[in-house]
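Read the structure below first, then the notes.
There are 2 protein chains.
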Amino acid sequence: MSDINHQIRLASRPVGMLTADAWEATEEPAATPGDGQALVEVELLSVDPAMRGWLNDVPSYVPPVGIGEVMRALGVGRVAASEDERFSAGDWVTGVTGVQEYAVVDGAALTPIDVSLAPAETYLSALGISGMTAYFGLLDVGKPETGQTVAVSGAAGSVGSLVGQMAKQRGCRAVGIAGGAEKCAWLVDELGFDAAIDYHGEDVAKALRAAAPDGIDVFFDNVGGDVLDAALTRLARGARIVICGAISQYNAQQAMSGPSNYMSLLVKRARMEGFVVFDYASRYREAATEIAGWLADGSLVAREEVLDGGVAAFPEALLKLFRGENTGKLMLRVRGE
Amino acid sequence: MSDINHQIRLASRPVGMLTADAWEATEEPAATPGDGQALVEVELLSVDPAMRGWLNDVPSYVPPVGIGEVMRALGVGRVAASEDERFSAGDWVTGVTGVQEYAVVDGAALTPIDVSLAPAETYLSALGISGMTAYFGLLDVGKPETGQTVAVSGAAGSVGSLVGQMAKQRGCRAVGIAGGAEKCAWLVDELGFDAAIDYHGEDVAKALRAAAPDGIDVFFDNVGGDVLDAALTRLARGARIVICGAISQYNAQQAMSGPSNYMSLLVKRARMEGFVVFDYASRYREAATEIAGWLADGSLVAREEVLDGGVAAFPEALLKLFRGENTGKLMLRVRGE
């Protein structure tokens, strides 16, 4: 392995749809870890819708990525050198590595992972941030009860595909909304969703009437826009809408489009609530234990789509998300197989 | 008093801004109460923003008013004749009388009121549906805690003016948003709000930054539209937005405008929740007892604006609301003083 560190940095703030000139490819020698730090050889990078939000210079739950900075990303890799007594060379870890081949990270910000229990990829999907997001968003914010109906948008994505399966684990009816017949078939045939709606080909509000005849008790929204508005017309009384994301709106050039049917919250005595998964960090272990059990007995399927091409492929990988081309968790392999 | 019953009926469904041709003035002999019913001579009618919603033929928390039906309204009046043993001629009562001079109402749907304790008007304002709406919306849905900041839109209206005062009772900072300098001065000088923002003359988001420097913990929204969007930019972490109404949107000809800044709910881990006051009917007495105490010791001011002109003045009275011309609770006197 070379000790040249290839990186992707933010070159300029994108307005509207991301384009290639937002990014700059750079290289520099891999840095040396300081006291309490480790040098991580990055193996896999998580590619997430939330990344688009990190590029905007507005107050949010994390600071925006600065111009000229290495793009923020979660990664999995192996420790190459450590100045933190908790880690040794060769250890597998996960943390915020950024889009680069070598990352110097504070040991306190790294989490060890056990690749004998699950493949490294799983620690960026069902046992990583996607799994945590689905678990706490659905169970803690959405609070589904046995027999209720859970609908999820972006259902074929990393979080959505887990939300529907976790809803089934809790004895709920699971309805997925996704783009394309193939994704919808996968949700029902492979993941056990009770119904799936193709927002490309179907009138979502009408299809929800059939798929959720008693109304939606929990709507887990990754998409926003028209899909959220359609769901608002089909709420059950006392419904909870979990705001996890709004991928349909992230590249909007004008102001985002708000949910024009929000007065359904009044008519249905419903609530819409946002959350940030990092707030649940102290409970990740609890979630991981339960999710690992489902993975082990095959009752939960985590699908990953791993792109090759190294960090140079990152800009295109991110665009795949916004074109809705991925099924399951999208990630990037940083080093050759 | 004549036994001719003058009424206002819905003639056609309005589209967009209400106009006079939505209504038809009719008259017929006052009806005779059947078994379990009472004939009520209506004295005062409540004029409410929610009435606009009752005119739309869409599913809501109550059925729409039918074409040709007497317009639905809450009223206060005296029993003229009773076939219900709980009521006798002369008793003061409140209930859904409709916009007419005489109403036959089921005794079970009437509530006796004591006009020696408070004027009849109060039973349509602080001790009536406005008071109940402010009380349960603020305290049960908004859940303000001592020292937190409560902001309310439509703050000079019947509900808003009570919300701010109740927030002060609970040890909160109260910020009102209203239209016009005169209303704002009234909120601060007479009702004890800590600050008031004139949405006609001020940039609401900017003014909220000054008036709620630590952010808004509870936003009680009667208005929707731009004001709600401005409030969303100033939420404190964990904020609760209480959706009570959206008067800025009720006469919209196109789809309502949704809150385009709703993703603040995610960033601020906040929630937006609707409610319908009728769900709290079993607890009205509890609220009325506490509100009556505040009225008695002068710590809560209920202002009413009573229009004359009888039921014929109803169409114009309702428009006053949507033009924002009222201060406090708007009502209509049905009979001469």
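Protein sequence lines correspond, in order, to chains Z and E. Each residue of the first sequence is one higher than the one before, starting from 1 at the first, in the numbering used here. Each residue of the second sequence is one higher than the one before, starting from 1001 at the first, in the numbering used here. Think of the CB as a built atom: it goes at the ideal place given N, C-alpha and C, for glycine as much as any other residue.
| Query | Result |
| --- | --- |
| Bridge partners - residue 1186 (chain E), DSSP secondary structure assignment | None, per the DSSP bridge assignment. |
| Inside the segment 1034-1106 of chain E only - beta strand (DSSP E) runs reaching at least 3 residues | 1037-1046, 1074-1082, 1092-1096 and 1102-1106 |
| Chain E contacts made by the segment 260-273 of chain Z, where a contact means CB separation under 8 Å | 260, 261, 262, 263, 264, 265, 266, 267, 268, 269, 270, 271, 272 and 273 |
| Contiguous beta strand (DSSP E) assignments of at least 3 residues, all confined to the segment 1268-1329 of chain E | 1271-1274 and 1304-1307 |
| Residue-level contact to chain Z via CB, residue 1258 (chain E), 8 Å cutoff | yes |
| Anticipated Cβ contact below 8 Å, residue 1345 (chain E) with residue 1065 (chain E), distance rounded | Summary: the structure shown does not reach residue 1345 (chain E), with chain E confined to residues 1001 through 1337, and so no result is reported for it. |
| 8 Å Cβ shell around residue 1238 (chain E) - same chain, five flanking residues per side excluded | 1217, 1268, 1269 and 1270 |
| Residues, ordered as in the chain, of the segment 1040-1068 of chain E that lie near chain Z by beta-carbon distance below 8 Å | 1059, 1060 and 1061 |
| Extent of the continuous beta strand (DSSP E) run through residue 1216 (chain E) | 1216-1221 |
| Extent of the continuous beta strand (DSSP E) to which residue 1149 (chain E) belongs | 1149-1153 |
| Pair within 8 Å by beta-carbon distance, residue 1101 (chain E) and residue 1005 (chain E) | yes |
| Residue 1248 (chain E) versus residue 9 (chain Z) - alpha carbon distance | 45 Å |
| Terminal residues of the alpha helix (DSSP H) in which residue 124 (chain Z) lies | Looking at the DSSP string, residue 124 (chain Z) is not in any alpha helix (DSSP H), and its letter there is neither H nor E. |
| CB contact below 8 Å: residue 1113 (chain E) versus chain Z | no |
| Nearest-angstrom beta carbon gap, residue 316 (chain Z) and residue 121 (chain Z) [assumed within contact, 8 Å] | Residue 121 (chain Z) to residue 316 (chain Z), Cβ: 19 Å. No contact. |
| Beta-carbon spacing of residue 1151 (chain E), residue 1113 (chain E) below 8 Å | no |
| Beta-carbon separation (whole angstroms), residue 277 (chain Z) vs residue 71 (chain Z), contact threshold 8 Å | At roughly 19 Å, the Cβ-Cβ gap does not stay under 8 Å, so residue 277 (chain Z) and residue 71 (chain Z) are not in contact. |
| Counterpart residues of residue 1235 (chain E) in DSSP-defined beta bridges | E:1216 |
| For residue 332 (chain Z), three-class secondary structure by DSSP | strand |
| Cross-chain neighbours of residue 1211 (chain E) in chain Z, by beta carbon under 7 Å | Within 7 Å Cβ-Cβ: nothing; residue 1211 (chain E) doesn't reach chain Z, min ~19 Å. |
| Residue 1205 (chain E) in three-state terms, based on DSSP | helix |
| Short CB-CB distance (under 8 Å) between residue 279 (chain Z) and chain E | yes |
| Residue 1059 (chain E) and residue 1250 (chain E) closer than 8 Å at C-beta | no |
| Euclidean distance between Cα positions of residue 12 (chain Z) and residue 52 (chain Z) | 13 Å |
| Proximal chain Z residues relative to residue 1246 (chain E), where beta-carbon distance stays under 9 Å | 262, 263 and 266 |
| Contacts that residue 1255 (chain E) makes with chain Z (C-beta to C-beta distance below 9 Å) | 229, 260 and 261 |
| Neighbouring residues, chain E, relative to residue 243 (chain Z) (Cβ below 8 Å) | 1262, 1263, 1265 and 1266 |
| Exposure of residue 1 (chain Z), with buried meaning 16 or more beta-carbon neighbours within 10 Å | Low local confidence applies: a pLDDT of 46 at residue 1 (chain Z) is under 50, so the model's placement there is unreliable, and no value is given. |
| Reference residue 1092 (chain E), options E:1069, E:1165, E:1116 and E:1321, closest by Cα | E:1116 |
| Beta-ladder partner(s) of residue 342 (chain Z), from DSSP | Absent from the structure is residue 342 (chain Z), since the part of chain Z shown begins at 1 and ends at 337. |
| Whole-angstrom distance between residue 1069 (chain E) and residue 1194 (chain E), CA atom to CA atom | 44 Å |
| Alpha carbon of residue 324 (chain Z) to alpha carbon of residue 62 (chain Z), nearest angstrom | 25 Å |
| Residue environment, residue 273 (chain Z), which counts as buried when at least 16 other CB atoms sit within 10 Å | buried |
| Segment contact, 8 Å Cβ cut-off, at least three pairs: the segment 136-151 of chain Z with the segment 166-175 of chain Z | yes |
| Residue 265 (chain Z) - DSSP class collapsed to helix/strand/coil | helix |
| 8 Å contact criterion, which residue 285 (chain Z) and residue 143 (chain Z) should meet: CB distance rounded | Contact flag wrong, Cβ pair sits at about 21 Å. |
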